[in-house]
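Down below is the structure, laid out as structure tokens.
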Amino acid sequence: MLLPSLAISNFATGPLGVLVSLLLIDIAVTFEVSVGLMGQMSTVSYAVAVIFGLFMGILSVRFGRKLLLIAGLLFITISALGCFFASNFELMLIFYSLTGVGTAMVFPMATTLVGEHFPLDKRGNAVGWIIAAGSLSYLIGAPTIGFIAGIGGWRFTLLGFVIPISLGSLLLASIGLPRSKPGDKQEIGRGLILESFKEVLSDRSALACLVGHVLRMAAFMAVLIYGVSFFRQGFSVSVDFSSGVVIGAALCYTLGSLAAGRLVNSLGRKTVTVVTTFLAGVITIFFVHLLSLWLSLALFILAAWFFGMASSAANSLSLEQTPRFRGTMMSLNSAAISLGNAVGSALGGLMLVLFDYGVMASTLGVMGIIATLVFFFLTIDVASPSNSAGSEARETG
Numbered sequence: 088m089l090l091p092s093l094a095i096s097n098f099a100t101g102p103l104g105v106l107v108s109l110l111l112i113d114i115a116v117t118f119e120v121s122v123g124l125m126g127q128m129s130t131v132s133y134a135v136a137v138i139f140g141l142f143m144g145i146l147s148v149r150f151g152r153k154l155l156l157i158a159g160l161l162f163i164t165i166s167a168l169g170c171f172f173a174s175n176f177e178l179m180l181i182f183y184s185l186t187g188v189g190t191a192m193v194f195p196m197a198t199t200l201v202g203e204h205f206p207l208d209k210r211g212n213a214v215g216w217i218i219a220a221g222s223l224s225y226l227i228g229a230p231t232i233g234f235i236a237g238i239g240g241w242r243f244t245l246l247g248f249v250i251p252i253s254l255g256s257l258l259l260a261s262i263g264l265p266r267s268k269p270g271d272k273q274e275i276g277r278g279l280i281l282e283s284f285k286e287v288l289s290d291r292s293a294l295a296c297l298v299g300h301v302l303r304m305a306a307f308m309a310v311l312i313y314g315v316s317f318f319r320q321g322f323s324v325s326v327d328f329s330s331g332v333v334i335g336a337a338l339c340y341t342l343g344s345l346a347a348g349r350l351v352n353s354l355g356r357k358t359v360t361v362v363t364t365f366l367a368g369v370i371t372i373f374f375v376h377l378l379s380l381w382l383s384l385a386l387f388i389l390a391a392w393f394f395g396m397a398s399s400a401a402n403s404l405s406l407e408q409t410p411r412f413r414g415t416m417m418s419l420n421s422a423a424i425s426l427g428n429a430v431g432s433a434l435g436g437l438m439l440v441l442f443d444y445g446v447m448a449s450t451l452g453v454m455g456i457i458a459t460l461v462f463f464f465l466t467i468d469v470a471s472p473s474n475s476a477g478s479e480a481r482e483t484g
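Position one of the sequence shown corresponds to residue 88 (our numbering), numbered consecutively onward.
Following this line, the structure appears as structure tokens:
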């Protein structure tokens with residue numbers, strides 16, 4: 088039950104974000120604020136995730152991975168409950184920000200457990216499944232949320248879908264995940280917190296992976312946060328049509344992440360990361376500039392495919408950088424992802440307030456291209472066949 092438990096845990100981090108992405112305009116109307124301001128709710132959540140992700144670098148050395156993952160799922164459940172009862176924008180902002188805490192705990196611990204319990208040639212596929220599960224929350228959540236929202240509004244979707252998913256994943260993780268290995272307790276005794284941070288941050292390739300994640304995820308916000316709103320405002324499509332857009336994008340993101348999980352062993356983690364990040368950034372620049380709904384939609388879906396591939400490959404690349412301190416590396420990796428989310432969300436919202444969707448997509452798409460350069464010139468795929476000796480040395484410490 089290990090991989091299903093990890094996958095469903097990551098699935099549970101998504102439904103609340105699906106709700107915000109699909110119904111951002113409706114939530115903004117409820118609290119009588121602009122779409123751009125309402126979008127900053129995600130920015131605050133990502134900022135919280137950055138801060139807590141850094142703190143997780145400490146917690147991952149001192150506490151068991153299972154305990155931290157379950158605590159993260161508990162935060163996500165509390166966040167959903169708080170959003171349901173929120174009576175104003177400020178309370179919604181506070182409770183939604185707790186998803187940042189939960190995500191900062193769940194995803195890095197899930198990938199760390201992959202590194203601990205799966206052999207090298209199985210890790211890429213396992214990471215692909217975990218990331219695919221996160222995107223499946225959009226594939227399954229979009230039509231479900233669209234349907235429930237049509238009956239009772241966005242609050243009712245929290246009660247009928249988001250909260251039950253959070254509680255179910257919490258129960259499954261409690262049953263299906265193994266306890267911490269004896270080696271974890273030994274780390275606590277040695278007090279290796281400072282050493283773990285030093286090893287990660289002094290490794291040029293590991294540090295470049297973190298920077299690359301920030302830029303890559305900032306670019307992805309053009310698709311994840313503002314893409315659906317672009318189609319609703321730019322082409323006046325309905326909520327039902329927007330739900331279909333989310334489903335299509337989530338399906339392609341899911342398939343892309345699974346495809347990359349299989350390709351990393353044959354083509355290499357770095358190669359797949361570089362190629363897919365570049366293509367995703369370029370397509371992001373152009374999808375909002377087309378006058379045809381269907382051509383724009385086709386590029387939007389294609390961007391989701393390559394972002395899915397890039398996510399799986401890039402996280403697999405990070406997982407192998409510092410095997411001795413995977414918990415710290417993947418916690419910082421999660422913080423970098425959240426920082427990229429915050430930067431992309433904030434910068435995208437600012438571009439919408441000052442300019443339009445075209446400038447927003449161009450700005451964030453260029454950040455994806457810069458991420459490509461960082462991954463290409465500064466990272467090392469230590470798990471590639473040509474670096475097998477170095478990989479073995481890192482694995483054994």
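A virtual CB, placed ideally from N, CA and C, is assigned to each residue, including glycine.
Remember, it's a predicted structure, so these values are computed and weren't measured experimentally.
Counting only runs that start and end within the region 279-333, where is the beta strand (DSSP E) found for 3 or more residues in a row?
none
The region 323-342 contacting the region 452-472, beta-carbon criterion three pairs below 8 Å
no
Using only the alpha-carbon positions, how far apart do I467 and T199 sit?
Indexing the sequence shown from 1 puts residue 467 at position 380. Indexing the sequence shown from 1 puts residue 199 at position 112. In a straight line, the C-alpha of I467 is about 19 Å away from that of T199.
Can you tell me whether L378 is buried or exposed, with buried defined as 16 or more other CB within 10 angstroms of its CB?
What you label residue 378 is simply residue 291 of the sequence shown in a count that begins at 1. Exposed: under 16 other Cβ atoms inside 10 Å.
So, using beta-carbon positions, are W392 and G348 closer together than 7 Å?
Working through the sequence shown from its first residue, we reach residue 392 at position 305. Working through the sequence shown from its first residue, we reach residue 348 at position 261. Their beta carbons are not under 7 Å apart, which means W392 does not touch G348 by this criterion.
Given 8 Å, three or more beta-carbon pairs between the region 126-137 and the region 442-449
no
To the nearest angstrom, report how far apart I181 and F387 are at their CA atoms.
Within the sequence shown, residue 181 is the residue found at index 94, counting from 1. Within the sequence shown, residue 387 is the residue found at index 300, counting from 1. Each residue's Cα considered, the two are about 31 Å apart.
Just to confirm, is the Cβ distance from V287 to T415 under 7 Å?
Mapped onto the sequence shown, residue 287 falls at position 200. Mapped onto the sequence shown, residue 415 falls at position 328. Taking 7 Å as the Cβ cut-off, V287 and T415 qualify as a contacting pair.
Please state the DSSP three-state secondary structure of H376.
The residue labelled residue 376 in the question sits at position 289 within the sequence shown. Coil.
Candidates V315, G368, D290 and S325: closest to P410 by CA position
Along the sequence shown, one-based indexing puts residue 410 at 323. Of V315, G368, D290 and S325, the residue nearest in Cα terms is D290.
Under the rule that 16 or more other beta-carbon atoms within 10 Å means buried, what is N420, buried or exposed?
As a first step, residue 420 is located in the sequence shown; it is residue number 333 there, counting from the start. By the 10 Å Cβ count, N420 comes out buried.
Is the separation between the beta-carbon of F162 and that of V188 shorter than 7 Å?
Sequence index remark: in the sequence shown, residue 162 carries index 75 (1-based). Sequence index remark: in the sequence shown, residue 188 carries index 101 (1-based). Contact flag set, yes.
Is the beta carbon of A401 sitting closer than 7 Å to the one on A309?
Looking up residue 401 in the sequence shown gives position 314. Looking up residue 309 in the sequence shown gives position 222. Cβ distance not < 7 Å, so A401 and A309 don't count as in contact.
So, at 6 Å on beta carbons, what are the nonlocal neighbours of I217 in its own chain, with the 5 sequence-adjacent residues on each side left out?
Counting from one through the sequence shown, the residue named residue 217 turns up at place 130. Closer than 6 Å at the Cβ level, and outside the excluded window around I217, lie L93, A94, N97 and A197.
Short of 7 Å in beta carbon distance, which residues of its chain neighbour V351, apart from the five on each side in sequence? Order them along the chain.
Within the sequence shown, residue 351 is the residue found at index 264, counting from 1. Within the same chain, V351 has close Cβ partners G211, V359, A400 and S403.
Just to confirm, is the Cβ distance from G233 to S330 under 7 Å?
Taking the first residue of the sequence shown as position 1, residue 233 is located at position 146. Taking the first residue of the sequence shown as position 1, residue 330 is located at position 243. Yes, Cβ-Cβ distance for G233 and S330 is below 7 Å.
Tell whether a beta-carbon distance below 7 Å holds between I165 and L185.
On the sequence shown, residue 165 is found 78 positions in, with the first residue counted as 1. On the sequence shown, residue 185 is found 98 positions in, with the first residue counted as 1. Yes. Within cutoff.
Segment contact flag, the region 367-376 with the region 423-430, C-beta cutoff 8 Å, min 3 pairs
no
Contact between the region 107-126 and the region 245-262 is defined here as three or more beta-carbon pairs at a separation below 8 Å; is this criterion met?
no
Contact set for A158: own chain, Cβ-Cβ below 7 Å, skip 5 residues either direction:
Counted from its first residue, the sequence shown places residue 158 at position 71. So the list reads M192, once near-sequence residues are dropped.
Considering only residues of the same chain and omitting the five flanking positions on each side of M128, which have a CB-CB separation below 6 Å?
For the purposes of this step, residue 128 is taken as residue 41 along the sequence shown, with counting starting at 1. Same-chain partners within the cutoff: L180 and Y183.
Closest residue to G151 among I238, I262, R266 and T100 (Cα-Cα distance):
Here residue 151 corresponds to residue number 64 of the sequence shown, with the count starting at 1. Here the closest residue by C-alpha is R266.
I485 classed as buried or exposed, judged by whether at least 16 other C-beta atoms fall within 10 angstroms:
Absent from the structure is residue 485, since the part of the chain shown begins at 88 and ends at 484.
Give me the Cβ distance between G263 and L89, rounded to the nearest whole Å; I'm assuming they're in contact under 8 Å.
Taking the sequence shown and counting its residues from 1, the one referred to as residue 263 is at position 176. Taking the sequence shown and counting its residues from 1, the one referred to as residue 89 is at position 2. Yes, G263 and L89 are in contact; Cβ-Cβ is about 7 Å, under 8 Å.
Three-state class that DSSP yields for L110 in the structure shown
The residue given as residue 110 occupies position 23 in the sequence shown. If DSSP states are grouped into helix, strand and coil, L110 belongs with coil.
Mind checking W241: buried by the 16 CB within 10 Å criterion, or exposed?
For the purposes of this step, residue 241 is taken as the residue at position 154 of the sequence shown. W241 should be labelled buried.
Environment of V485 [buried if 16+ CB atoms lie within 10 Å]
Look at the range of the chain in this structure, 88 to 484, and you will see that residue 485 is not part of it.
Taking the alpha helix (DSSP H) that S92 falls in, what are its first and last residues?
To locate residue 92, count along the sequence shown from 1; it is residue 5. Segment L89 to A99, the alpha helix (DSSP H) holding S92.
Between P485 and F248, which are expected to be in contact by the criterion C-beta below 8 Å, what is the C-beta distance as a whole number of angstroms?
In the structure as shown, the chain begins at 88 and stops at 484. Residue 485 is therefore absent and cannot be evaluated.
Best match in A229, L246 and G144 for proximity to E282 [C-alpha to C-alpha]:
Taking the sequence shown and counting its residues from 1, one reaches residue 282 at position 195. For E282, the nearest C-alpha among the options comes from G144.
Indicate whether L106 and T244 have their beta-carbon atoms separated by less than 7 Å.
Here the question's residue 106 lines up with position 19 in the sequence shown. Here the question's residue 244 lines up with position 157 in the sequence shown. In this structure, T244 lies closer than 7 Å to L106 by Cβ.
For T450, which residues from the same chain have a beta carbon less than 8 Å from its beta carbon, with the 5 sequence-adjacent residues on both sides left out?
As a position in the sequence shown, residue 450 is number 363, starting the count at 1. Hits under 8 Å: L434, G435 and M438.
Less than 7 Å separating the beta-carbons of G202 and R356?
By 1-based counting over the sequence shown, the position of residue 202 is 115. By 1-based counting over the sequence shown, the position of residue 356 is 269. No, Cβ-Cβ distance for G202 and R356 is not below 7 Å.
Here's the rule: buried if 16 or more other CB atoms are within 10 angstroms of the residue's CB, otherwise exposed. What is P206?
Translated into positions along the sequence shown, residue 206 becomes position 119. Per the 10 Å Cβ criterion, exposed.
Let me make sure I understand the geometry here. Which of L109, D208 and F194 has the alpha-carbon closest to that of L160?
As a first step, residue 160 is located in the sequence shown; it is residue number 73 there, counting from the start. Here the closest residue by C-alpha is F194.
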